[in-house]
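Accompanying notes for the structure given below.
Set out below in structure tokens:
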């Protein structure tokens with residue numbers, strides 16, 4: 778479990794920071810764009826909310842683009858949001874599938890195989906001793 782958490786942290790540090798920054802950038806640019814393009818969006822906060830619900834494909838309906846320019850911009854925010862959120866999901870999934878995290882079980886498997894081989898040799902030696910003991914006449 779701890780290996781998984783370490784692997785996840787390492788992978789997210791490598792690429793996740795950039796993806797999160799890209800998400801934030803898209804939301805800020807999207808929010809400002811909606812605020813500038815649509816007269817019904819009265820504040821930057823409303824623009825950010827609309828950018829978030831559009832990028833996340835939630836679409837609550839409380840705020841909607843009302844002009845042709847803001848609708849076209851919504852398509853752009855939707856496409857970018859979908860791509861970046863997919864990257865974020867892929868990054869998290871890749872962290873669980875990190876090949877570096879698979880090295881420890883392979884190492885443990887090699888140790889187990891050596892131990893199994895040693896036990897087989899010991900069992901063979903015990904069988905040989907038992908066979909020799911049963912061939913000798915009782916005292």
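Residue numbers (the working numbering): 778 to 916. C-beta: ideal position from N, C-alpha, C; glycine also.
Considering only C-alpha positions, which residue in the set the options is nearest to residue i?
| i | options | result |
| --- | --- | --- |
| residue 803 | 828, 812, 906, 840 | 828 |
| residue 801 | 818, 865, 904 | 865 |
| residue 807 | 906, 896, 890, 830 | 830 |
| residue 859 | 886, 820, 799 | 799 |
| residue 796 | 861, 856, 841 | 861 |
Give the secondary structure of residue i by DSSP, where H, G and I count as helix, E and B as strand, and everything else as coil.
| i | result |
| --- | --- |
| residue 795 | helix |
| residue 890 | helix |
| residue 819 | coil |
| residue 838 | coil |
| residue 830 | helix |
| residue 868 | helix |
| residue 863 | helix |
| residue 843 | coil |
Please report the Cβ distance between residue i and residue j, rounded to the nearest whole angstrom; I am assuming they are in contact, meaning their Cβ atoms lie under 8 Å.
| i | j | result |
| --- | --- | --- |
| residue 844 | residue 793 | Actually they do not touch by this definition, with Cβ atoms about 35 Å apart. |
| residue 855 | residue 832 | 7 Å |
| residue 847 | residue 815 | 4 Å |
In whole angstroms, what separates the C-alpha of residue i from that of residue j?
| i | j | result |
| --- | --- | --- |
| residue 873 | residue 780 | 10 Å |
| residue 839 | residue 885 | 55 Å |
| residue 891 | residue 897 | 10 Å |
Between residue i and the ligand MG, is there a pair consisting of the residue's CB and a ligand heavy atom that are separated by less than 6 Å?
| i | result |
| --- | --- |
| residue 859 | Of the ligands one can find in the structure shown there are none, so the ligand MG has no counterpart to examine. |
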